[in-house]
């Protein structure tokens with residue numbers, strides 16, 4: 010019911026504004042005795058941190074995370090979760106509220122300025138307040154904890170399209186993802202993107218992007234039917250990220266053009282012992298989910314991020330008093346928010362899967378992470 | 010938490026299997042004193058009912074709905090809701106379980122057969138049991154009740170792509186939608202689709218489709234920030250429909266290729282009295298939602314439905330015992346499940362919006378449906 | 010959020026009115042492969058069924074339950090749950106709406122007549138509509154399913170006080186409970202109660218009662234801290250039963266008068282193998298719950314039921330139009346609703362524990378029912 | 010689902026341990042534009058603060074609260090809520106973990122030591138960790154915010170029994186409550202309690218107590234039927250407070266001994282304009298709640314707090330390794346935790362009512378706080 014909380018058994022509640030003193034989150038439902046330290050969380054925050062290249066906002070935030078509850082040393086001196094809520098805090102350091110005085114009463118097109126005013130009768134205009142992408146830092150922090158809950162699942166995100174320029178999937182290289190400022194798996198495309206985005210940035214403009222997130226190691230059986238479908242949870246998770254306007258699972262929107270023979274993933278004997286008796290799928294159009302439940306294949310999802318709405322070109326708008334104005338957004342902005350959405354997408358995938366794992370364990374009684382699929386023939 | 014329930018304040022819980030005696034739903038949180046009769050619900054069920062053309066399954070279900078609780082006559086003799094849960098029941102009439110004996114132990118590719126077995130250790134193989142699209146009848150019934158809660162909002166769905174064939178938006182006609190068996194708003198495309206789908210059907214194959222649902226009359230301010238975003242709720246709602254693999258709001262996946270100047274919707278003075286002081290938007294790339302909150306424009310969403318997985322061409326698979334088999338699905342199936350997904354998509358839009366309306370009223374204190382947007386300048 | 014639903018992972022949603030055609034419930038989250046048949050449910054409904062002695066209402070309801078979803082035959086032909094929602098229906102047979110015409114506009118003191126009108130602007134006056142104790146039939150049915158989920162836990166309720174007459178605990182006999190019309194464990198008291206309640210009944214009056222419910226076999230560790238405390242869940246469950254005004258765990262309200270030395274339950278070595286290493290408690294003032302979590306001892310709870318508000322003596326009241334009237338309730342009523350609250354209390358205990366078991370399994374990873382307590386010394 | 014969250018539309022999530030660096034809470038769903046400052050919250054924290062008399066723990070905690078999100082200055086310079094989550098933080102100052110070394114492995118009788126170990130496989134032994142009454146500081150802080158949401162409702166708590174000594178209700182004085190260290194409304198009893206508790210304290214013992222909380226100004230119609238009953242919410246809220254073992258509404262457990270003529274509250278014409286047409290009740294045995302919905306009378310609830318389990322007398326117990334030990338608790342403890350439970354009980358009442366108000370507004374459409382009851386005769 011709460012709109013600042015995501016998840017059911019693994020529940021993340023975030024708080025804090027872009028220009029407030031502190032942002033934070035409370036993770037409720039994290040199982041006990043999971044080793045957890047601040048550096049483990051920090052490494053993911055560092056991937057999302059602004060100011061790391063000229064292609065992201067120049068706001069300087071160290072994003073140093075502190076664990077203030079839910080963790081203590083066990084008998085061996087290892088810091089582990091206790092089952093109590095894990096609260097994480099990050100102090101804001103580089104907020105400059107004076108940058109925003111002139112948009113105090115003006116509705117920036119593409120932003121949530123007008124809608125917050127329409128809903129609440131006021132809004133925190135300082136850096137976007139609660140609607141700022143600053144909130145996603147806490148998603149990344151919570152996602153780092155979620156990864157520990159499902160430690161055997163590997164999650165990686167990548168940017169597969171920047172503006173109109175898609176990658177060539179034949180050139181996909183996992184190693185390349187961390188070697189360019191775009192999380193781009195195609196080294197050739199990354200070079201072209203650099204030229205393109207430099208040009209966009211210099212114009213004071215912005216562009217959209219598509220992020221793909223893949224999770225490997227999810228056993229068959231996670232998720233649930235109907236309104237608790239794993240893909241419905243993912244759709245909600247990704248669509249809740251700032252600026253996202255579309256979500257796809259597996260073949261996504263392209264399934265419309267397919268026929269039955271090409272869409273369904275055929276199966277063969279899975280090879281017995283090595284995969285716990287699960288069948289081997291001969292393709293993965295379904296993106297690893299059938300009927301809302303994981304198949305044991307890789308979970309594959311994508312989401313589209315719209316261009317940053319803060320641009321230098323003046324745009325027509327109105328202010329709070331109904332007067333017509335032109336709005337031109339200065340300040341420090343990402344020319345493509347899709348880039349930093351990559352670690353955010355990974356985090357939401359981790360949170361959805363950690364929650365699905367705990368729900369499955371509660372409702373059906375599955376074993377520990379890594380629990381193999383096994384059936385006894387009838 | 011429940012995976013058979015959708016919604017928060019307006020909550021729909023469904024039950025029943027494809028070949029069980031009865032399917033039903035419980036609608037909790039429906040406000041009191043709303044006129045409600047069975048024929049009002051029946052009209053929407055009739056839109057979804059199978060067997061109305063050769064392009065949908067030939068199963069003959071009258072889908073006659075009964076209201077068994079939550080409604081009584083008021084002082085004037087009008088049947089109205091009482092605030093108690095509204096329970097709706099539909100008896101299954103034309104279920105032929107014997108059709109399914111041969112798939113009892115076989116996993117049909119593209120279906121949820123394997124995943125249900127993996128999760129639960131057994132599955133109801135009779136017509137797909139709970140994973141059957143039969144459940145969507147109750148969504149449509151509940152959606153009819155939701156429409157009464159937000160009576161001033163107009164919701165209409167249409168099929169905008171069938172297989173590889175998209176409509177021409179220049180030819181859009183609302184009137185056309187009800188004049189062909191496809192809910193197609195482009196009369197010219199409808200003719201071509203008939204030829205195409207006849208051919209697909211005769212081959213024993215199937216095809217995908219894209220459904221678009223539009224809601225007009227939603228005032229600014231519905232929805233919520235962050236994890237309660239109106240678009241996140243819609244994404245979850247649509248992705249929970251059988252066979253859906255992608256969801257888009259406004260420009261959807263295409264935003265990736267846009268630049269900031271083209272994506273953001275500019276605003277001008279809205280003309281004062283007539284729209285309660287809300288600005289006029291000069292375009293609607295956002296699909297009527299910014300920051301998760303409605304802008305007052307039309308809410309526009311689309312979802313892609315994969316081809317029916319039940320086809321005549323034999324497909325490679327395995328059975329419950331790990332043996333390799335070929336599966337060929339006979340029985341009565343829709344060659345394109347996307348067609349009957351149109352009224353289902355409308356219903357989910359109605360349920361999401363009724364819930365958003367009640368949540369907004371609870372958390373912010375908005376007035377009755379139709380509540381105009383108004384601000385007092387600071 | 011829903012006020013017609015109880016539970017989190019094991020969720021029960023009820024619907025239907027006293028004089029409607031059908032009452033029912035949907036049980037969501039019931040684990041799969043649990044054997045379940047209608048007679049198993051019916052036996053508990055028969056304990057609650059009206060008209061079994063002169064001390065309960067003479068309404069004749071067979072309360073024949075039907076399972077309409079969520080159950081099918083497994084490989085061996087046993088009917089088991091499938092993981093899908095279990096829906097149960099009971100048709101009302103003996104409703105006489107004409108009995109209630111004269112209270113249509115009058116507020117009966119002690120009933121929810123005025124408050125429903127105040128909240129909803131109308132109410133279903135026929136037999137109390139939704140506020141009738143008829144709804145508790147579905148609690149008992151759902152409780153029967155919950156018992157199957159935690160099959161190793163033994164739950165029994167008893168009436169320990171009727172009007173001003175408490176039992177003598179020295180004479181407690183489990184066997185006696187089923188041998189008198191009061192669920193009274195003290196055979197001597199049962200005789201005295203018969204005389205007392207006959208006299209009350211003949212006067213057209215009514216009396217209150219105290220119900221005690223005990224659960225044995227709950228392992229240490231169920232429940233949760235803070236707002237998910239097992240005793241908080243029980244308090245909510247029991248207080249939600251019609252006419253309940255007080256709830257106690259263990260020593261209950263009497264703890265106020267105790268001192269620290271007498272209240273805390275001391276522990277000794279538990280005897281090793283037989284109880285999985287858990288300590289033996291030397292007393293049970295805590296009622297089997299410490300910090301909201303089960304200790305492994307018997308869970309002991311009590312609740313007080315107020316006298317039936319429907320009595321023959323005229324009482325001062327007002328009607329819907331603000332006019333002063335005298336109300337005298339004829340019709341068929343229980344002289345002590347506390348009696349039939351015994352199986353209802355048992356059912357709510359079962360539902361709370363089944364939910365606690367699933368939540369524990371999800372959040373901490375406990376084993377199957379019967380899971381022994383075990384620690385590895387640090 | 011979360012066990013660190015209370016409420017539905019007005020949701021409070023707490024975190025932090027007794028001896029951690031910081032405790033805090035996140036209040037989600039607080040309506041916008043409500044004036045809110047730190048001193049308004051601080052005044053209630055000061056009522057609960059330890060070390061204010063010799064009858065509470067000597068731990069010195071200033072409990073200085075900081076609002077870190079959800080509040081900003083409006084046009085007039087007033088600090089108001091924005092609709093975003095209100096996060097409150099309190100730094101722990103006077104935690105002495107070394108006090109607790111010797112109970113690290115020992116299970117203190119009456120405490121949650123054994124049960125946390127049984128559930129989680131470890132526990133935070135430092136000052137009770139999460140199970141410490143320290144958490145109730147955040148309840149009081151959140152309750153202060155809740156009071157602002159329902160500003161027209163007056164809530165006051167009092168201690169009505171200390172150990173075996175009950176107050177004389179004939180001597181009740183609201184003014185007296187703040188004039189003694191017990192929140193005792195009977196000045197005569199307060200003197201006797203001082204003598205009694207001094208004696209208990211010097212013995213190193215402790216005693217129980219009964220707290221009564223009354224809310225005036227709640228209009229008819231708040232709360233909901235069935236599982237959302239206002240009294241069920243209160244029962245859960247109070248039972249979730251540390252050491253509480255019983256909860257009563259109105260006449261509470263005593264209703265068992267009543268007969269129908271004495272229990273039901275009769276009604277007369279309410280005097281028209283002044284109370285919006287609601288009837289006048291001639292008594293209040295129901296504690297202001299019928300059928301789970303408020304009657305417009307005062308809401309009256311009580312709860313019993315057990316004696317502090319930390320006492321000087323050695324008690325028999327076991328340690329984590331199964332060895333039998335004697336436990337004697339030194340350190341700083343309240344001889345009667347019931348005293349400081351008074352502001353905590355008030356806070357929980359405020360939270361339950363703020364939530365009920367928002368839920369009512371969402372589901373039925375009630376007006377702003379103070380909304381009068383009104384009916385149009387049929």
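Residue numbers (our numbering), protein chains in the order written: chain A, 10 to 387; chain B, 10 to 387; chain C, 10 to 387; chain D, 10 to 387.
Where is the CB? At the ideal position from N, CA and C, for every residue including glycine.
Report task. Decide yes or no for the touch test of the region 284-303 of chain A against the region 228-243 of chain A: beta carbon pairs closer than 8 Å, at least 3 of them. Result -> yes
Requested in this report: Could you work out which residues of chain D lie near residue 96 of chain A, taking near to mean beta carbons separated by less than 8 Å?
Outcome: By 1-based counting over the first chain, the position of residue 96 of chain A is 87. Here the neighbours are 24, 25, 31 and 33.
Query raised in the report: Are the region 193-207 of chain A and the region 244-254 of chain B touching by the rule of at least three beta carbon pairs closer than 8 Å?
Result: no
Query raised in the report: For residue 128 of chain D, is the classification buried or exposed, using 16 other Cβ atoms within 10 angstroms of its Cβ as the cut-off for buried?
Result: The sequence position of residue 128 of chain D within the fourth chain is 119, counting from 1. Label assigned to residue 128 of chain D: buried.
Query raised in the report: So, is residue 245 of chain D buried or exposed, given that buried needs 16 or more other C-beta atoms within 10 angstroms?
Result: Along the fourth chain, one-based indexing puts residue 245 of chain D at 236. With 16 or more other Cβ atoms within 10 Å, it is buried.
Report task. Using three-state DSSP, classify residue 44 of chain A as helix, strand or coil. Result -> Indexing the first chain from 1 puts residue 44 of chain A at position 35. Residue 44 of chain A: strand per DSSP, three-state reduction.
Query raised in the report: Within 7 Å (strictly less), CB to CB, does residue 48 of chain B reach chain C?
Result: As a working mapping, residue 48 of chain B is identified with position 39 in the second chain. Answer no: the Cβ-Cβ gap between residue 48 of chain B and chain C never drops below 7 Å.
Query raised in the report: Per DSSP, residue 34 of chain B forms a beta bridge with which residues?
Result: Sequence index remark: in the second chain, residue 34 of chain B carries index 25 (1-based). BP columns for residue 34 of chain B point to B/23 and B/97.
Query raised in the report: To which residues does DSSP link residue 334 of chain A through a beta bridge?
Result: The residue labelled residue 334 of chain A in the question sits at position 325 within the first chain. Answer by DSSP bridge pairing, in chain order: A/326.
Query raised in the report: Which residues of chain D have a Cβ atom closer than 7 Å to the Cβ of residue 129 of chain A, listed in chain order?
Result: The residue you call residue 129 of chain A lines up with position 120 of the first chain. What residue 129 of chain A touches in chain D: 41, 91 and 92.
Report task. State the DSSP-derived secondary structure class of residue 200 of chain B, mapped to helix, strand or coil. Result -> Here residue 200 of chain B refers to the residue found at position 191 when the second chain is read from its first residue. Correct three-state label for residue 200 of chain B: helix.
Report task. Determine the chain A residues that contact residue 112 of chain B at a beta-carbon separation under 8 Å, and present them in chain order. Result -> Looking up residue 112 of chain B in the second chain gives position 103. None at all; the shortest Cβ gap to chain A is about 14 Å.
Query raised in the report: Rounded to a whole number of angstroms, what is the C-alpha to C-alpha distance between residue 264 of chain D and residue 166 of chain C?
Result: The residue you call residue 264 of chain D lines up with position 255 of the fourth chain. The residue you call residue 166 of chain C lines up with position 157 of the third chain. If I take the Cα positions, the gap works out to 19 Å.
Report task. Take the Cβ of residue 143 of chain D as the centre, count every other Cβ of all protein chains shown within 10 Å, and call the residue buried at 16 or more, exposed below. Result -> For the purposes of this step, residue 143 of chain D is taken as the residue at position 134 of the fourth chain. Classification of residue 143 of chain D: buried, given that the 10 Å Cβ count is 16 or more.
Query - Chain-ordered neighbours of residue 51 of chain C on chain A, where CB pairs are closer than 7 Å - result: Residue numbering aside, residue 51 of chain C sits at position 42 when the third chain is read from its first letter. Correct list: empty, because the minimum Cβ distance to chain A is about 26 Å.
Report task. Could you tell me whether the Cβ of residue 18 of chain D comes closer than 7 Å to any Cβ of chain B? Result -> As a working mapping, residue 18 of chain D is identified with position 9 in the fourth chain. Closer than 7 Å to some Cβ of chain B, the Cβ of residue 18 of chain D qualifies, so yes.
Query raised in the report: Quick one: which chain A residues come within Cβ less than 7 Å of residue 396 of chain C?
Result: Absent from the model: residue 396 of chain C. The displayed extent of chain C is 10 to 387, so no value can be given.
Requested in this report: Quick one: which residues of the region 204-227 of chain C get their C-beta closer than 8 Å to a C-beta of chain D? List them in chain order.
Outcome: 209, 214, 215, 216, 217, 218 and 219
Query raised in the report: Bridge partners of residue 174 of chain C, per DSSP?
Result: Position 165 of the third chain, counted from the first residue, corresponds to residue 174 of chain C. For residue 174 of chain C, which the question treats as bridged, DSSP gives the partners C/171.
Report task. Give the secondary structure of residue 385 of chain D by DSSP, where H, G and I count as helix, E and B as strand, and everything else as coil. Result -> Translated into positions along the fourth chain, residue 385 of chain D becomes position 376. Residue confidence for residue 385 of chain D is low, a pLDDT of 37 falling below 50, so the modelled location carries little weight and cannot support an answer.
Requested in this report: Flag residue 134 of chain D as yes if its beta-carbon sits less than 7 Å from any beta-carbon of chain C, otherwise no.
Outcome: On the fourth chain, residue 134 of chain D is found 125 positions in, with the first residue counted as 1. No, residue 134 of chain D lies away from the interface with chain C (no Cβ there is under 7 Å from its Cβ).
Query raised in the report: Tell me which same chain residues have a C-beta within less than 6 Å of the C-beta of residue 221 of chain C, skipping the five on either side of it?
Result: The residue labelled residue 221 of chain C in the question sits at position 212 within the third chain. If we look at residue 221 of chain C and ignore the five residues flanking it on each side, its Cβ neighbours are 167, 169 and 311.
Query - Exposed unless 16 or more other CB atoms sit within 10 angstroms - verdict on residue 135 of chain D - result: Indexing the fourth chain from 1 puts residue 135 of chain D at position 126. Residue 135 of chain D should be labelled buried.
Query - Distance, residue 232 of chain D Cα to residue 130 of chain D Cα - result: On the fourth chain, position 121 is the one that residue 130 of chain D refers to. On the fourth chain, position 223 is the one that residue 232 of chain D refers to. Looking at the two C-alpha atoms, the distance is approximately 39 Å.
**Report entry** Endpoints, the alpha helix (DSSP H) within which residue 224 of chain A is located
**Finding:** Within the first chain, the letter at position 215 stands for residue 224 of chain A. Run containing residue 224 of chain A: none in the alpha helix (DSSP H); it sits in the beta strand (DSSP E), 218-225.
Query raised in the report: So, is the C-beta of residue 388 of chain D closer than 7 Å to a C-beta in chain C?
Result: Past the edges of chain D, shown from 10 to 387, lies residue 388 of chain D, and the structure says nothing about it.
Query raised in the report: Between the region 250-266 of chain C and chain D, which residues of the former have a C-beta closer than 7 Å to a C-beta of the latter?
Result: 254, 255, 256, 257, 258, 259, 260, 261, 262, 264, 265 and 266
Query raised in the report: What distance in whole Å lies between the Cβ atoms of residue 27 of chain D and residue 141 of chain D, which are believed to be in contact at a cut-off of 8 Å?
Result: Start at 1 with the first residue of the fourth chain, and residue 141 of chain D comes out as number 132. Start at 1 with the first residue of the fourth chain, and residue 27 of chain D comes out as number 18. The Cβ separation is near 3 Å, so the contact holds.
Query raised in the report: According to DSSP, what are the bridge partners of residue 115 of chain A?
Result: Counted from its first residue, the first chain places residue 115 of chain A at position 106. The partner list for residue 115 of chain A (beta bridge, DSSP) reads A/328.
**Report entry** Cα-Cα separation, residue 208 of chain B to residue 292 of chain A
**Finding:** Looking up residue 208 of chain B in the second chain gives position 199. Looking up residue 292 of chain A in the first chain gives position 283. Those two C-alpha atoms are separated by around 26 Å.
Query raised in the report: With 7 Å set as the bound, which would you pick, yes or no: does the beta-carbon of residue 81 of chain C sit closer than that to a beta-carbon of chain B?
Result: Indexing the third chain from 1 puts residue 81 of chain C at position 72. Yes, its Cβ sits closer than 7 Å to a Cβ of chain B.
Query raised in the report: By the criterion of Cβ-Cβ separation under 8 Å, what are the contact partners of residue 358 of chain A in chain B?
Result: As a position in the first chain, residue 358 of chain A is number 349, starting the count at 1. In chain order: nothing, as chain B lies at least about 15 Å away.
Query - Separation of residue 276 of chain B from residue 12 of chain B, as counted between CA atoms - result: As a working mapping, residue 12 of chain B is identified with position 3 in the second chain. As a working mapping, residue 276 of chain B is identified with position 267 in the second chain. One C-alpha to the other measures close to 40 Å.
**Report entry** Delimiting residues of the beta strand (DSSP E) encompassing residue 253 of chain B
**Finding:** As a position in the second chain, residue 253 of chain B is number 244, starting the count at 1. Here the beta strand (DSSP E) through residue 253 of chain B covers 253-258.
Query - Run of the alpha helix (DSSP H) containing residue 148 of chain C, from where it starts to where it stops - result: Mapped onto the third chain, residue 148 of chain C falls at position 139. Note, residue 148 of chain C: alpha helix (DSSP H), 145-158.
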